[in-house]
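Here the structure is laid out as structure tokens; the discussion comes afterwards.
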């Protein structure tokens, strides 16, 4: 394989988060009964006329700005003609000659090496329906709920050279679209899908090989798997004296193979012509600036704020930035308790631990960000111990509730009682004479055992720091007169 270079370009299809479809008033959400969100317009019935969804246009522009692309103030819709059972009117309203978004670049990093992937353009179109293959009956059924949902297609240049490049590019596109608020990028639901164009050429060649297209890949992992299989297939074919043909293939994830679907069409095969029922789109400077002003803080800006203002390490800041929901939670908690280091530490440890255990879903929490901030404040101010804060959080994750009330109900609030502290520590030392002697003989590791006994006995009566101070004072107060501790 070292004799060959793999050349990859991607077409990423992202459904926009509008409330209604692009050319009619049908709901654009995911799910629902099959064929329950359709009307004569999105089904392409004779005599119907499409009406362009203004929000879809604004979201397409917003996506282009988020991805660092040029915005074309003039764009035109075209008809892309082809027959397929999931396309009831036998043509798709799309954009070919004058797309809404022009060129741009996306930075990626693979194995510590950065590079930039060029975007050729982004066009706005309607989505097709979905075919459901019933293997039991041997029938294929059509669900047209998805038909007419606004879609942007992000077309890259063939700048990627490995599966890792392609996976990093998809992840970065997904992250930026989620930050922009235009797509939820749930690949498992089909709201983000990827077509891979791939070819191989010999080292030193100036001419790309014949490409194949792998359609509708629905996970980042499968993008990588499909590319690795296809590059092996094409190289084996060339090495055996065969030739690669231009075709469309699909990826079978269960078998980890690509399979031929049909010969690859070119633009001429689709008989594009200007869509006669939709007027040309013009975007004024004022409209463009209004859309730009509505863009939220993007990942690079958040990373700079987290490292420069919040003083987080770059590694911790990147964990937040690469997960928008987690980053939003961090910011919301900071709004109620502005202690970045403490909040970040709790979220990155105890919060994510419970998420990873499946005990907590960041998208449907039983508590508010303000309540999480209150819990971190209680722990930070040593009104409850760090261990008890974890227990309070467990209860909050299961049932919700005010952290201070939960702590009070369970006896976790620390009220310093020095008389009790002195008495309890004295009692524990008298019950653990051998461990005390070990400590005074220089075996300092035994302190952890004694400290554990004291902390358990004094829960709610003192902070761990105070307990440790008093304990060490008592352990050391007679050490100087003990001959065994003298050198």
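In our numbering, the protein residues as written are 2 to 488.
C-beta: ideal position from N, C-alpha, C; glycine also.
Using C-beta distances below 8 Å, list every residue in its chain close to residue i, excluding the 5 sequence neighbours before and after it, in chain order.
i, result
"residue 3", "204"
"residue 37", "146"
"residue 304", "315, 318, 319 and 322"
"residue 385", "379, 393, 408, 413, 414 and 415"
"residue 84", "91"
"residue 427", "475"
"residue 72", "62, 65, 66, 101, 102, 103, 284 and 289"
"residue 483", "Low local confidence applies: a pLDDT of 49 at residue 483 is under 50, so the model's placement there is unreliable, with the coordinate-based value given in what follows. Here the set comprises 441."
"residue 257", "226 and 230"
"residue 488", "Here the model assigns residue 488 a pLDDT of 34, short of 50, so the residue's position is not dependable, and the following value carries that caveat. For residue 488, where only same-chain residues beyond five positions count, there are no Cβ hits under 8 Å."
"residue 473", "448"
Within this structure, are the beta carbons of residue i and residue j separated by less than 8 Å?
i, j, result
"residue 8", "residue 168", "no"
"residue 102", "residue 130", "no"
"residue 100", "residue 127", "no"
"residue 292", "residue 63", "yes"
"residue 432", "residue 455", "no"
"residue 343", "residue 377", "yes"
"residue 25", "residue 149", "yes"
"residue 221", "residue 189", "no"
"residue 89", "residue 132", "no"
"residue 360", "residue 398", "yes"
"residue 57", "residue 13", "no"
"residue 192", "residue 11", "no"
"residue 15", "residue 120", "no"
"residue 216", "residue 280", "no"
"residue 423", "residue 471", "yes"
"residue 464", "residue 383", "yes"
"residue 35", "residue 274", "no"
"residue 278", "residue 51", "yes"
Between which two residues does the alpha helix (DSSP H) harbouring residue i extend?
i, result
"residue 293", "286 to 294"
"residue 343", "341 to 347"
"residue 141", "Counting along the chain, residue 141 falls outside any alpha helix (DSSP H), though it belongs to the beta strand (DSSP E) covering 140 to 144."
"residue 82", "It is not in any alpha helix (DSSP H) - residue 82 instead sits in the beta strand (DSSP E) that spans 79 to 82."
"residue 310", "Per DSSP, residue 310 belongs to no alpha helix (DSSP H) and is neither H nor E."
"residue 452", "448 to 458"
"residue 463", "Element bounds for residue 463: n/a, residue is neither H nor E."
"residue 423", "419 to 432"
"residue 128", "That residue, residue 128, is in no alpha helix (DSSP H); it is neither H nor E in DSSP."
"residue 331", "325 to 337"
"residue 273", "Counting along the chain, residue 273 falls outside any alpha helix (DSSP H), and DSSP gives it neither H nor E."
Within its chain, find whatever has a CB closer than 7 Å to the CB of residue i; leave out the 5 residues flanking it on each side and keep chain order.
i, result
"residue 272", "82"
"residue 116", "109"
"residue 228", "9, 164, 167, 197 and 199"
"residue 111", "165, 166 and 169"
"residue 212", "198, 199, 200 and 247"
"residue 223", "252 and 254"
"residue 183", "17, 18, 60, 63 and 64"
"residue 232", "7, 199 and 201"
"residue 260", "250, 251 and 253"
"residue 406", "none"
"residue 439", "447"
Whose C-beta lies closer than 6 Å to the C-beta of residue i among residues of the same chain, with five residues either side of it excluded?
i, result
"residue 325", "179 and 180"
"residue 421", "462"
"residue 94", "78, 127 and 276"
"residue 39", "145"
"residue 68", "105 and 177"
"residue 337", "371 and 374"
"residue 186", "175, 178, 179 and 193"
"residue 313", "307 and 345"
"residue 123", "65, 102, 153 and 155"
"residue 458", "425"
Could you give the first and the last residue of the continuous beta strand (DSSP E) run that contains residue i?
i, result
"residue 93", "92 to 95"
"residue 258", "258 to 264"
"residue 299", "Counting along the chain, residue 299 falls outside any beta strand (DSSP E), and DSSP gives it neither H nor E."
"residue 7", "5 to 16"
"residue 253", "248 to 253"
"residue 135", "131 to 135"
Check the Cβ-Cβ distances between residue i and every residue of chain B, and say whether any is below 8 Å.
i, result
"residue 93", "The chain labelled as chain B is not found in the depicted structure, where only one protein chain is given."
Measuring from the CB of residue i, is there a heavy atom of the ligand GTP at a distance below 7 Å?
i, result
"residue 55", "Looking at this structure, you won't find the ligand GTP or any other ligand, since it has none at all."
Practice item. Scan the stretch 152 to 226 and note each continuous beta strand (DSSP E) run of 3 residues or more that stays entirely inside, going in chain order. Key: 193 to 203 and 213 to 218
Point to revise | the stretch 285 to 293 in contact with the stretch 250 to 261 per 3-pair CB rule at 8 Å | key: no
Check your understanding: Any contact of the stretch 66 to 81 with the stretch 130 to 143, i.e. 3+ C-beta pairs under 8 Å?
Key -> no
Review point. Do the stretch 21 to 36 and the stretch 158 to 167 meet, that is, are 3 or more Cβ pairs less than 8 Å apart?
Key: no
Review point. Is there contact here, the stretch 355 to 367 with the stretch 388 to 405, by at least three beta-carbon pairs under 8 Å?
Key: yes
Practice item. Could you pull out every unbroken alpha helix (DSSP H) segment of at least 4 residues lying fully inside the stretch 353 to 417, listed in chain order? Key: 353 to 357, 370 to 381, 387 to 400 and 404 to 410
Review point. What beta strand (DSSP E) runs, 3 residues minimum, are completely inside the stretch 92 to 125?
Key: 92 to 95 and 105 to 111
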